[in-house]
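Everything on this sheet refers to the single structure shown next.
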Amino acid sequence: MSFILFAILGALQASPQIRVEPDGPDAWRLTLTAEDETDPLRLAERLRPRAAELCGAAGYHFGRYTFDLEQTVAKGSTEVKNGALTVVQNVVCGPAAPVVEPAAAPVLSEADATALNPRLTALSDSYFTALDQGRYAEAFAMVAETMTGGATLEGWAARARIQRDKIGATNAREIGRLTWYSNPPGAPPGHYGAVDYVAAHALQDECGYLIWYRPTSDAELLLIRQETTLLPHDMDEALRATMRQAHCIIL
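Take the sequence shown: its position 64, counting from 1, is numbered 611 in my numbering, and each next residue is one higher.
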């Protein structure tokens, strides 16, 4: 059995595109990077032949996934340039278990949202501070598995260090608009807190947002998504206004 497992791994790891890692009994983690695609769901479709090869007659189903899309804005331009897209997809051999839809969370009133905003700001500040100071275990503990894709702390921290090297030390950061959503369509029921922010780093500036989530009113808020756009330092006011409209609300 061990020989067969190593043979499968050897054949698949030889692919220059798809990285294959065991992820428990009858489970795998597939990683694919491409520069000709910006949609993570479409890129994940390219993993299906590998998943079928891994699981054979047992069949397979896709579990959680994460993605990372590099986006930059060139000096003097308002166009966001997409770089490499990386998708990390969990694959489980066998049929998927029946999905039981959870109950909707109570809809947040305006007063409820206002009362939650200090917590949302504090969580975001703590997350950013932990990243800035290299305390990756603390930041990792605030992130849901839906965002990490089941990655280990070591793997997640390595990606965070690469991002830090790309943007440099943080000189300033501003948390701006806070927005709450209750049971949005097409997403698991619960409360979603969106945090728009901008930051000035030594090498590049950044605008983006965080999404925090809790399935019920008494659950802990965890980070499920972070989107960023990297910007040149010396944007003029006209370019800044255009970017504010297109990408960075609080720029």
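Every residue, glycine too, gets a C-beta built ideally from N, C-alpha and C.
These numbers were taken from a predicted model, which means no experiment stands behind them.
- The C-alpha of residue 719 lies about 46 angstroms from the C-alpha of residue 607.
- With a cutoff of 8 angstroms on beta-carbon distance, residue 746 and residue 717 are scored as near each other.
- Residue 589 counts as exposed, since fewer than 16 other C-beta atoms from the protein chains shown sit within 10 angstroms of its C-beta.
- A direct Cα-to-Cα measurement between residue 652 and residue 739 gives close to 11 angstroms.
- For residue 765, there is no enclosing beta strand (DSSP E), as DSSP marks it with neither H nor E.
- Pairing residue 611 with residue 737 gives a Cβ-Cβ distance that is not under 8 angstroms.
- Here residue 761 carries a strand assignment [DSSP, helix/strand/coil].
- Its Cα nearest to that of residue 678, the residue 708 stands out among 708, 619, 660.
- Between the stretch 637-644 and the stretch 563-578, the count of C-beta pairs closer than 8 angstroms reaches three or more; the two stretches touch.
- Contact check for residue 667 and residue 725: beta-carbon distance about 6 angstroms, within the 8 angstroms limit, so the pair qualifies.
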